[in-house]
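Working notes for the structure below.
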Amino acid sequence: MIKFLLFFNLLFFGNFIPQEPVVADSTEIAENITDEKLEKADFDSDKIERYKSEKAFDYLDKIEEDSWWTRLKRWVNLKWNAFLQWLFGDYQTNAFWSAVLQALPYVLLVLVLGVITWLFIRLNPGNAVMAEPITGKVNLQKEEELVKRADISSLINQAISEENYRLAVRYLYLKSLRLLDQTEHISYRFQKTNEDYINEIKETGIKEQFTKITRLYDFIWYGDFPLSKERFEKVDREFTEMENSLKPGSNG
């Protein structure tokens, strides 16, 4: 029984008995190294140059220049970080607010570009084809057809009867363009802008009055300015004065 217990202990616990570490003979290793014959590697320089000239062995990636958008984002990011550093100093925000602050300049940039685009579309007087206003009940034709052939007076009266005063102002302005063209103060062309017509007019009085009604028209039509009956009557008087200045015998 005692022999069995000794055998059992040696079998399961023998690994826990400390043993002498095996130390390699350093002199033997050194002798083995010195006994080996070292030979200098010989490389063919011609082959190396040939390999260097082949594209298959060219592992250098081409460094692409940053696009203007990348440079713009980097510039905005640097300016924004400098602003935050000036504003908060070394104050550290949590991860959420840090992400919000990093994204904020790009959101503001998109909003600014959107506002600029909207203003350009709404206020550009050079748009040749003018869209029908949301409140308009009369289908609009192309401007050239309205100026050259349409019965604009009937369209004006119809718009007024329907209380669509913005549309009536549009027709009044097109009527003024027709009268200016007929009296040879301007040469109407579909692609011209309102500013072009202002510059064409030579007579000072007519030019000043046409400039006034052009500003009113741009503000009301392109700016979606709502018109009451009373306001329309005031605007209509300016167009009537424009029409009277173009009649024969007027001082212009």
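Taking the working numbering, the leading residue of the sequence shown gets 10, the next gets one more, and so forth.
Yeah, the Cβ is synthetic: ideal placement off N, Cα and C, and Gly gets one too.
Under the three-state reduction of DSSP, asparagine 173 is assigned to coil, being neither helix nor strand. Under the three-state reduction of DSSP output, glutamate 193 falls in the coil class, being neither helix nor strand. Membership of phenylalanine 241 in the alpha helix (DSSP H) is indicated by the continuous run 238-254. Excluding its 5 nearest sequence neighbours in each direction, tyrosine 174 has C-beta neighbours in its own chain below 6 Å: Leu236 and Phe241, listed in chain order. A distance below 6 Å between beta-carbons, with the five flanking residues on each side excluded, links lysine 216 to the following residues of its chain, in chain order: Ile210. The region 155-166 and the region 222-233 do not touch, with fewer than three beta-carbon pairs separated by less than 8 Å.
About 17 Å separates the beta carbons of glutamate 193 and glutamine 218, which is beyond the 8 Å limit, so they are not a contact pair.
Shown here, arginine 198 sits in coil according to DSSP, grouped into three states, outside any helix or strand. For leucine 122 and lysine 88, the gap between their C-alpha atoms comes out near 18 Å. Taking C-beta separations shorter than 8 Å and ignoring five residues to either side along the sequence, the partners of glutamate 172 in its chain run Lys238, following chain order. Residue nearest to isoleucine 207 within the set Phe199, Leu186 and Gln191 is Leu186 (criterion: CA-CA distance).
For isoleucine 57, the secondary structure class from DSSP, reduced to helix, strand or coil, is helix.
Apart from sequence neighbours up to five positions away, the residues of its chain that approach glutamate 153 with a beta-carbon distance below 7 Å are Phe199, ordered along the chain. Serine 196 sits exposed, since fewer than 16 C-beta atoms from the chains shown fall within 10 Å of its C-beta. In this structure, DSSP gives arginine 83 a helical state, which the three-state scheme calls helix. Annotation: leucine 255 to alanine 168 spans about 24 Å, alpha carbon to alpha carbon. Here isoleucine 222 is near tyrosine 182, since their CB atoms are less than 8 Å apart. Under a 10 Å Cβ-count criterion, alanine 104 is classified as exposed, with fewer than 16 other Cβ atoms of the shown protein chains found around its own Cβ. With respect to leucine 188, glutamate 252 sits close: the two C-beta atoms are nearer than 8 Å.
Where glutamate 154 is concerned, the enclosing alpha helix (DSSP H) starts and stops at 152-157. Sequence-distant Cβ neighbours of leucine 155 in its own chain, meaning closer than 6 Å and more than five residues away, are Leu183. Excluding residues up to 5 positions away in sequence, Leu181, Ser185 and Ile222 lie with their Cβ nearer than 7 Å to the Cβ of phenylalanine 248 in the same chain. Membership of isoleucine 207 in the alpha helix (DSSP H) is indicated by the continuous run 203-209.
For leucine 117 and glutamate 204, the gap between their C-alpha atoms comes out near 33 Å. Under the three-state reduction of DSSP, serine 76 is assigned to coil, being neither helix nor strand.
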